[in-house]
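With our numbering as the guide, the letters of the sequence shown map in order to residues 2 to 201. Using N, Cα and C, we set each Cβ at its ideal position, and we do this for glycine too.
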Amino acid sequence: MQFDTQQVPITETSLSNYFCERLRSYAERFNPPPHEDTCWYLGNLLDRFGRTEQVFTYEDGHMTIRPLALLYGDAVEARNERERCLLLQHLGDMALFFGALFPQRWARHGIKQDYFIGMGGSAYDYLADNASSNRHIFGELATTFTRMLEMVANACSRTQELGAEEILGLYQRWLSGKDPMVAAQLRTLGIEVSGSERLQ
C-alpha cells in the first residue's frame, strides 16, 4: 500500500517533537495521563533510536544487537554507580523500544513481551532510586511500563486509515496470540476485542 504524503503534512521541526506530539495526544486516553517529562523522554528515545548506531553495536566484525541479558550483566559488573546507571538506562530504553515496536519478531525466537516488561521495568525501577537525575521519569516508566509500551507502539504506528483487509489481518493476529499491542491497535480503530472472539 502506498503512503500518501499529502494526507499527513509534517509540521514539526524535529523527529523528537513529532513523537512527543503523538505521545501527548495518545496520553490523553489515560487517567491520570503520563507526566509531560515522561512524554518528552520517550520522544527523545524514539528520535535517538532512529539512528542505527544507537541500536546496534559492532562485535566480532559485524553489527549486532546486544542482548538485554548481557546488558544486565554489564550493569552488574560496572565499575561505578554512574556507569551502572547508564547501562541500566540503555537496557530499559532498548526493552521499551523493542517490546513496543517488534514484539512479533522476538516472539518468533521465543521471547515474549513479559521478558521486555520485566527487564525494562526492573532497570527503570533501579534508576528511580539511584539515577543522578530524572528519577520521577524513571519511576513512572517503571510503574507503568506496559502502558508505555502501548504509547510508544501507538506513536510509531501509521497515521493513514487502514483498509478492511488490513483490519481483518490485525484481528487475525489478535486471535492467534491475544497480543495486547494488537488489541490496543484495534481499540484505536473502534474495535473492542477484550474478553471476546467476536468483532464488536
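What number of angstroms, rounded off, separates the C-alpha of Met182 from the C-alpha of Thr145?
Working through the sequence shown from its first residue, we reach residue 182 at position 181. Working through the sequence shown from its first residue, we reach residue 145 at position 144. So the alpha carbons of these two residues sit roughly 15 Å apart.
Ranges of the beta strand (DSSP E) found wholly within the segment 9-72, counting only runs of at least 3:
Qualifying beta strand (DSSP E) stretches, in chain order: 58-60 and 63-65.
Round the Cβ separation of Gly119 and Ala143 to the nearest angstrom and send it over; I've been treating them as touching at under 8 Å.
By 1-based counting over the sequence shown, the position of residue 119 is 118. By 1-based counting over the sequence shown, the position of residue 143 is 142. Taking the Cβ atoms as the reference, Gly119 lies roughly 11 Å from Ala143, outside the contact range of under 8 Å.
Measuring only the C-alpha atoms, how far is Ala132 from Pro33?
Locating residue 132 in the sequence shown gives position 131, counting from the first residue. Locating residue 33 in the sequence shown gives position 32, counting from the first residue. For the pair Ala132 and Pro33, the Cα-to-Cα distance works out to about 24 Å.
Ends of the alpha helix (DSSP H) at Phe117?
Start at 1 with the first residue of the sequence shown, and residue 117 comes out as number 116. Here the alpha helix (DSSP H) through Phe117 covers Gln114 to Asn131.
Is it a yes or a no for the segment 150-157 touching the segment 58-76, going by three-plus beta-carbon pairs under 8 Å?
They do not touch, by the three-pair rule.
Taking the alpha carbon of Phe139 as the reference point, which residue from Leu89, Ala70 and Ala185 has its own alpha carbon closest?
Within the sequence shown, the letter at position 138 stands for residue 139. Ranking the options by Cα distance to Phe139, first place goes to Leu89.
Quick check: the Cα distance between Arg30 and Arg174, rounded to an integer number of angstroms?
As a position in the sequence shown, residue 30 is number 29, starting the count at 1. As a position in the sequence shown, residue 174 is number 173, starting the count at 1. Arg30 and Arg174: Cα-Cα distance of roughly 24 Å.
Less than 8 Å between the C-beta atoms of Arg67 and Ala76, yes or no?
As a first step, residue 67 is located in the sequence shown; it is residue number 66 there, counting from the start. As a first step, residue 76 is located in the sequence shown; it is residue number 75 there, counting from the start. Cβ atoms of Arg67 and Ala76: not closer than 8 Å.
Measure the alpha-carbon distance for Leu24 versus Arg80 and round it to whole angstroms.
The residue labelled residue 24 in the question sits at position 23 within the sequence shown. The residue labelled residue 80 in the question sits at position 79 within the sequence shown. Between Leu24 and Arg80, the C-alpha separation is close to 36 Å.
In the structure shown, what three-state DSSP assignment does Ala79 receive?
For the purposes of this step, residue 79 is taken as the residue at position 78 of the sequence shown. Ala79: coil per DSSP, three-state reduction.
Could you tell me the distance, in whole angstroms, from the CA atom of Phe20 to the CA atom of Tyr73?
As a position in the sequence shown, residue 20 is number 19, starting the count at 1. As a position in the sequence shown, residue 73 is number 72, starting the count at 1. Phe20 and Tyr73 have their C-alpha atoms some 28 Å from each other.
Buried or exposed (CB count within 10 angstroms, at least 16 for buried), Met64
Residue numbering aside, residue 64 sits at position 63 when the sequence shown is read from its first letter. Residue environment for Met64: exposed (fewer than 16 other C-beta atoms within 10 angstroms of its C-beta).
Is Leu171 closer than 8 Å to Leu97 when the C-beta atoms are compared?
Locating residue 97 in the sequence shown gives position 96, counting from the first residue. Locating residue 171 in the sequence shown gives position 170, counting from the first residue. For Leu97 and Leu171, no; Cβs fall outside 8 Å.
Can you tell me whether Gly111 is buried or exposed? The criterion is at least 16 other CB atoms within 10 Å of its CB, across all chains shown.
Walking along the sequence shown from the start, residue 111 turns up at place 110. With fewer than 16 Cβ atoms within 10 Å of its Cβ, Gly111 is classed as exposed.
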